[in-house]
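Novice: If you use UniProt numbering, the sequence shown corresponds to residues 1 to 413, in order. Ideal Cβ placement from N, Cα and C applies to all residues, glycine included. I have a structure I would like to understand better, so I am pasting it below and will then ask my questions one at a time.
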Amino acid sequence: MIFPYICNIILNYTGVTFRIENGELVIARILHGGMIDQQGLLHAGDIIKEVNGREVGDDPRVLQEMLQEASGSVVLKILPSYQEPHPPRQVFVKCHCDYDPANDNLIPCKEAGLQFSSGDILQIVNQEDVNWWQARHVEGGSAGLIPSQLLEEKRKAFVKKDVDLSPAANLCTGMVGKKKKKMMYLTTKNADFDRHELLIYEEVAKVPPFRRKTLVLIGAPGVGRRSLKNKLLVSDPQHYGTTVPYTSRKPKSADRDNMMYAFTSRSKMEADIKAGLYLEHGEYDGNLYGTKNDSIHEVVEAGRICILDVSPQALKVLRTSEFLPYVVFIKAPEFEVLKAMNRSGVEAGVTKHRPDAELKRTVDESAKIQRVYGHYFDLTIVNDDLEQAYRMLKSSLEKLKGAQQWVPVGWVF
């Protein structure tokens, strides 16, 4: 037989939530690390019978009013559940969206919610509730409630797939609208990953400094990725290399004097694409072009970091232990800045004139790439000055050599 007991606790009602069960007021959860959790007197499943000698009934609002009226410590009469407490799990996740509990109408208690931004690292300390996990920021602070992956999947099931959701328009979005098809560079394995596009949290682990296998430069056409890539290759050929793309087109006379492409037959290339030997591929002017996985491995095995300037869709395949990428997003500057940069380049004779419509497309495409693929980026550089962007990239790569890193847990285990 279970007997009730009396306990005296320090008032902090935001550290606990309640539910009605069989007409009783039951403690639904106790937030990890909060004052009530530290006192260790209450547990999930306990039934609240009285507060300061007054019966609470089965209405959480009555209990809330009673606690608000009280001051200092309160005396509770508890019918214990005798559930075994669970130690905090060493599970860490990287957030792939922004979340503000103040805007969430589903959360049991807005004050108990934990706000976070895309890129934040959280420790998950309790996952007993299938809809609401408890987590805290790794930098410190109290634990709070966050929506579980399952809850977000259920929430997004009610959102039409053809609606483009901007981060500011929803609570915690990992889903985006339909993407336009491009003629060049369609990643072979994209379909498998697109079925799992809603990724709110990614489990990560903190590891000692290590050498990345690939440096992946992502950006809109015309944003300067090739220029940064070439500067790295020329400045440090001992540490950096790149791939030679394959093509099914016939060699031209000028191709004999350079190594711009590796030539193969269309039938051979189609067979290799079907076998999954290409990271990405596409067709242009009736000819196939693509990047072979083996060409990346050859650069890495030669002791160099392989620099890739690929389509953002390829990130879904590259972010594995096979390629260990460091992903840098080269972001377009504001339209007027980009226009001034193009004008200066034309005057210096190093580039051709680009019409305003083309420059506007670069800015718009850059914003779209960041919105859809931003959770994959390790670093973002605004290329409003090529030399400054290059120095920033070099500095970040140097710092990476001596820094501990949060990486997807699949890279480690």
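DSSP three-state call for F377: helix, strand or coil?
Specialist: In the structure shown, F377 sits in coil (DSSP, three-state: anything other than H, G, I, E or B).
Novice: Buried or exposed: where does N342 fall if 16 or more other Cβ atoms within 10 Å of its Cβ makes it buried?
Specialist: buried
Novice: Starting from the N-terminal side, write out each stretch of the alpha helix (DSSP H) that is 4 residues or longer and does not extend beyond the segment 318-385.
Specialist: 335-348 and 356-373
Novice: Have a look at T17, H281, N293 and W406 and flag the residue whose alpha-carbon is nearest the alpha-carbon of S311.
Specialist: H281
Novice: Measuring alpha carbon to alpha carbon, tell me which residue in M269, K331, L42 and C97 is nearest V74.
Specialist: L42
Novice: So what does N126 bridge to, in DSSP terms?
Specialist: Q134
Novice: What residue from L232, D384 and S344 has the CA that sits closest to V363's CA?
Specialist: D384
Novice: Among T214, L379, E301 and Q388, which has the Cα closest to the Cα of F323?
Specialist: T214
Novice: Closest by CA to Y326, which one among L400, V51 and H96?
Specialist: L400
Novice: Can you give me the Cβ contacts of R249 inside the same chain, cut-off strictly under 6 Å, excluding the 5 residues immediately before and after it?
Specialist: N287
Novice: For L106, count neighbouring C-beta atoms within 10 Å of its own C-beta (all shown protein chains included) and say buried if the count is 16 or more, exposed if not.
Specialist: With fewer than 16 other Cβ atoms inside 10 Å of its own Cβ, L106 counts as exposed.
Novice: Compute the Euclidean distance between the alpha carbons of K148 and N131, then round it to the nearest angstrom.
Specialist: Rather than Lys, the amino acid found at residue 148 in this sequence is Ser. N131 has its alpha-carbon roughly 5 Å from the corresponding atom of S148.
Novice: Suppose you measure from the CA of V234 to the CA of A348; what does that come to, to the nearest Å?
Specialist: 21 Å
Novice: I believe I218 touches Y373 by the beta-carbon criterion, under 8 Å. Please report the beta-carbon distance rounded to the nearest angstrom.
Specialist: 7 Å
Novice: For a test of the three-state rule: what should DSSP assign to A25, helix, strand or coil?
Specialist: A small correction: the amino acid at residue 25 is Leu; Ala does not occupy that position in the sequence shown. Three-state DSSP puts L25 in a strand.
Novice: Starting from the Cα of I30, find the closest Cα among T264, N103, E203 and A143 and give me that residue.
Specialist: Cα-wise, what sits closest to I30 is A143.
Novice: Is the beta carbon of K110 closer than 8 Å to that of L79?
Specialist: no
Novice: Looking only at DSSP bridge pairs, what is F116 linked to?
Specialist: Bridge pairing for F116: Y99 [DSSP].
Novice: Does DSSP put I107 in a helix, in a strand, or in coil?
Specialist: Three-state DSSP puts I107 in coil, outside helix and strand.
Novice: Opposite Q405 in the DSSP bridges: which residues?
Specialist: V207
Novice: Between which two residues does the beta strand (DSSP E) holding I305 run?
Specialist: I305 to L308
Novice: Between which two residues does the alpha helix (DSSP H) harbouring V56 extend?
Specialist: Neither: V56 is in no alpha helix (DSSP H) and is coded neither H nor E.
Novice: Let me check one thing: in DSSP terms, what residues is E202 bridge-paired to?
Specialist: BP columns for E202 point to K94.
Novice: Let me know the secondary structure DSSP gives P312 once reduced to three states.
Specialist: helix
Novice: Measuring CA to CA, which of V317, I273, L145 and E65 is closest to Y99?
Specialist: L145
Novice: DSSP state of E139, grouped into three classes?
Specialist: In the structure shown, E139 sits in coil (DSSP, three-state: anything other than H, G, I, E or B).
Novice: Out of curiosity, what's the CA-to-CA distance linking P101 and F116?
Specialist: 9 Å
Novice: I need the DSSP call for A157, collapsed to helix, strand or coil.
Specialist: coil
Novice: DSSP beta-bridge partners for V50?
Specialist: Sequence inspection shows Glu at residue 50; the Val mentioned does not correspond to that position. Answer is E55 and K77, bridged to E50.
Novice: Tell me whether R391 sits in a helix, a strand or coil according to DSSP, three-state version.
Specialist: helix
Novice: Could you tell me which of K339, H96, L76 and A205 sits nearest to H375, measuring between CA atoms?
Specialist: The shortest Cα separation from H375 among K339, H96, L76 and A205 belongs to H96.
Novice: As a quick exercise: from T17, G402, E203 and E128, pick the residue whose alpha carbon is nearest that of F413.
Specialist: E203
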